[in-house]
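*Asks:* Sequential numbering from 4 applies to the sequence shown in the working numbering. Glycine included, every Cβ here is placed at the ideal spot set by N, Cα and C.
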Amino acid sequence: MIDRTAVIFMSPPTPLGCAGSYPPAHTHCDRPLLHHRARQACDHYPHLHHLFRPQGDLRMTTPIPIPAIRPGQGQRPGAETDPRLDWWRDARFGLFIHWGLYAIPAGRWHGEFVPGIGEWIMHRKRIPVAQYAPLAAQFNPVDFDADAWVRLASEAGQKYVVITAKHHDGFCLWDSHVSDYTVTKASPFKRDIIRELSDACARHGLLFGFYYSQTQDWHHPGGDGNDWDYDDATRDFDGYVENYVVPQVRELMTGYGPICLIWYDTPKRMTAAQSKRLTDLVHELQPNCLVNGRVGNNMGDYAEAGDNVIPNDTHDMDFETPATINHTWGYKTDDTDWKSPAELVHKLVELASKGGNYLLNVGPTATGIIPEASAEALRGAGAWLASNPVGTYHTRRGPSLGVPGIWATRDAADAHRIYLHVFDWPTDGKFHLPADHVAGKLDHVKTAALANGTHATLALHRDASGITITGPHDAPDRINTVIVVQ
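#1: When you compare only the Cα positions, how much space is there between Gly405 and His440?
#2: Would Ser157 and Leu210 qualify as a contact pair, given that the criterion is a beta-carbon distance under 9 Å?
#3: To the nearest angstrom, how far is the alpha carbon of Asn300 from that of Trp91?
#4: Name, in chain order, the residues that DSSP records as bridge partners for Gln78.
#5: Pick from Phe240, Trp387 and Pro224: whose alpha carbon is nearest that of Val352?
#6: Can you list, in chain order, the residues of its chain with a C-beta nearer than 6 Å to that of Asp480? Leave out the 5 residues immediately preceding and following it.
#7: So, Gly226 versus Phe213, is the Cβ gap smaller than 9 Å?
#8: If you draw a straight line from the alpha carbon of Arg154 to that of Gly385, how long is it in whole angstroms?
#9: Could you tell me which residues DSSP puts in a beta bridge with Ile72?
#10: Measure the Cβ-Cβ separation of His435 and Thr460 and say whether it is below 9 Å.
#11: So Ile124 is in the beta strand (DSSP E); what residue range does that whole segment cover?
#12: Along the alpha helix (DSSP H) that carries Arg399, what are the first and last residues, could you check?
#13: Do the stretch 190-197 and the stretch 266-279 make contact, defined as three or more Cβ pairs closer than 8 Å?
#14: Would Tyr1 and Gln78 qualify as a contact pair, given that the criterion is a beta-carbon distance under 9 Å?
#15: Which two residues bound the contiguous alpha helix (DSSP H) that contains Pro344?
#16: Compare the C-alpha of Lys342 against each of Tyr361, Ala380 and His447 and name the closest.
#17: Find out if the Cβ-Cβ distance for the pair Thr484, Trp428 is shorter than 9 Å.
#18: Given a cut-off of 9 Å, decide if Arg420 and Ser356 are closer than it, judged by their beta-carbon atoms.
#19: Note down the Cα distance separating Pro367 from Gly103, rounded to an integer number of angstroms.
#20: Within its chain, find whatever has a CB closer than 7 Å to the CB of Gln141; leave out the 5 residues flanking it on each side and keep chain order.
#21: Checking 9 Å against the spacing of the C-beta atoms, do Ile486 and Ala451 come in under that value?
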């Protein structure tokens, strides 16, 4: 993932925006996350304090226009009708796991707090390979239980699991024959984590995929990103891709059973030929495996939005938002600001309404424990999904209604079945959809009913002003009431 703190705070006179400034016309992002990171950075860089108003609000006057889907990370032509994506569109919700050596320092290096996200500590602190690599000898996650992790994903209502097989620090969580910098060779743990998770997903009926950092590798001399150990002028990136990345991807695609998707990242150095090489390799070895948009050069089977970014509008392309459950991807002891189950449900539903998936991350500790607070939030979201199975799974993007607090999804099997998700139930039980918001979108609608629970019929009245739906005074669901209209 990209270290957002580094992006946001590069140039102090520039007013702050979400993840480097996402303008309202393009996206919105997690305001508490932005504020937390801004304050965190100011604690360490006093010259940034002028960017705050006295009450703590961020200056947002001239945001830098960065789109929700970054250039080059879009969906390949024709993929929007590719049936291989149907399972992914139906799933809507996946578990992301960032785990590696960075869980050992957990945001501190020799006792010093290092700002930024946990898995970027080597880069942010510019730790030499000679000092960082010995962390492998300490990596002994005796509490790791692949079945427990997958059971948690299942309890959360997530349908697929994606783990960092190799993140930017270069450490491999599988028994790679291309490198000795692996969990099986360099750590006392010796177990193949990717194999155990793949097997656990198969046992519990979840799909399995992996993240692979194809561009940045701060351990390998040919990989991108490490300019404190290696001279960029002599870096053989092409050789690294062909002689290291390609063989490792081949290992992962041939040795671990069916893979639902491969999640590439930060493709800034990737040529079109290299993106095509990695995409074709995956499709050759496993034709049904999906490739995400961060393979670069608009060759992904689906587009990848920015980290924690939800587009303001619907997209014609299939996309996914990778997101954190607190403010970091890799585990940090200082980050305990967890999202609530309601927040998770609301983000999931909003993304589904716009045709997107929600890949929600957890960062296990160095011993292999998923923090209980994040597990509780996941279980809470899962409890809502278990009680409200209709309206999120097996849906496609719905009409954009432009009514605050109401999102719409469309049934994948019946395009005339629209699900309205009402976050803030009106105290009188009535909510109105203005005519200019629903014209051409809900013209066919004649009936309304609760989609889950009692399935009670609700009164629906249409006149020149629009559509009014009347239900009970008390919210049928305190997090999100789902109404089916058709």
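*Replies:* Reading it off the structure:
#1: As a working mapping, residue 405 is identified with position 402 in the sequence shown. As a working mapping, residue 440 is identified with position 437 in the sequence shown. CA-CA distance, Gly405 to His440, rounds to 6 Å.
#2: As a first step, residue 157 must be located in the sequence shown, where it is residue number 154. As a first step, residue 210 must be located in the sequence shown, where it is residue number 207. Cβ distance not < 9 Å, so Ser157 and Leu210 don't count as in contact.
#3: Along the sequence shown, one-based indexing puts residue 300 at 297. Along the sequence shown, one-based indexing puts residue 91 at 88. Roughly 22 Å separates the two Cα atoms.
#4: The residue you call residue 78 lines up with position 75 of the sequence shown. BP columns for Gln78 point to Gly303.
#5: Locating residue 352 in the sequence shown gives position 349, where the first residue counts as 1. Taking Val352 as reference, the option from Phe240, Trp387 and Pro224 with the minimal CA-CA separation is Trp387.
#6: Counting from one through the sequence shown, the residue named residue 480 turns up at place 477. Cβ neighbours of Asp480 beyond the five flanking positions: none.
#7: On the sequence shown, residue 226 is found 223 positions in, with the first residue counted as 1. On the sequence shown, residue 213 is found 210 positions in, with the first residue counted as 1. Contact: no.
#8: Residue mapping note: residue 154 aligns to position 151 of the sequence shown, counting from 1. Residue mapping note: residue 385 aligns to position 382 of the sequence shown, counting from 1. Computed Cα separation, rounded: 11 Å.
#9: Translated into the one-based positions of the sequence shown, residue 72 becomes position 69. Ile72 pairs with Ala308.
#10: As a working note, residue 435 is residue 432 in the sequence shown. As a working note, residue 460 is residue 457 in the sequence shown. In this structure, Thr460 does not lie closer than 9 Å to His435 by Cβ.
#11: By one-based count along the sequence shown, residue 124 stands at place 121. Judged by DSSP secondary structure, Ile124 falls outside any beta strand (DSSP E) and instead within the alpha helix (DSSP H) spanning Ile124 to Arg127.
#12: Taking the first residue of the sequence shown as position 1, residue 399 is located at position 396. No alpha helix (DSSP H) contains Arg399, which is instead part of the beta strand (DSSP E) from Thr398 to Arg400.
#13: Taking 8 Å as the limit for Cβ pairs, the verdict is that the stretch 266-279 does not touch the stretch 190-197.
#14: With the chain represented from 4 up to 489, any question about residue 1 goes unanswered, as that position is not in the structure.
#15: The count along the sequence shown starts at 1 and reaches residue 344 at position 341. Unbroken alpha helix (DSSP H) run through Pro344: Pro344 to Ser356.
#16: On the sequence shown, position 339 is the one that residue 342 refers to. With distances taken between CA atoms, Lys342 lies nearest to Ala380 out of Tyr361, Ala380 and His447.
#17: On the sequence shown, position 481 is the one that residue 484 refers to. On the sequence shown, position 425 is the one that residue 428 refers to. A Cβ-Cβ contact shorter than 9 Å links Thr484 with Trp428.
#18: For the purposes of this step, residue 356 is taken as the residue at position 353 of the sequence shown. For the purposes of this step, residue 420 is taken as the residue at position 417 of the sequence shown. No, the pair does not count as a contact, with Cβ atoms beyond the cut-off.
#19: Against the sequence shown, residue 367 aligns to sequence position 364. Against the sequence shown, residue 103 aligns to sequence position 100. Near 9 Å, if we compare the C-alpha coordinates of Gly103 and Pro367.
#20: Here residue 141 corresponds to residue number 138 of the sequence shown, with the count starting at 1. Annotation for Gln141: Ile107 place their beta carbon closer than 7 Å to its own, counting only its chain and skipping 5 residues before and after.
#21: Position 483 of the sequence shown, counted from the start, is the residue given in the question as residue 486. Position 448 of the sequence shown, counted from the start, is the residue given in the question as residue 451. Closer than 9 Å, so yes.
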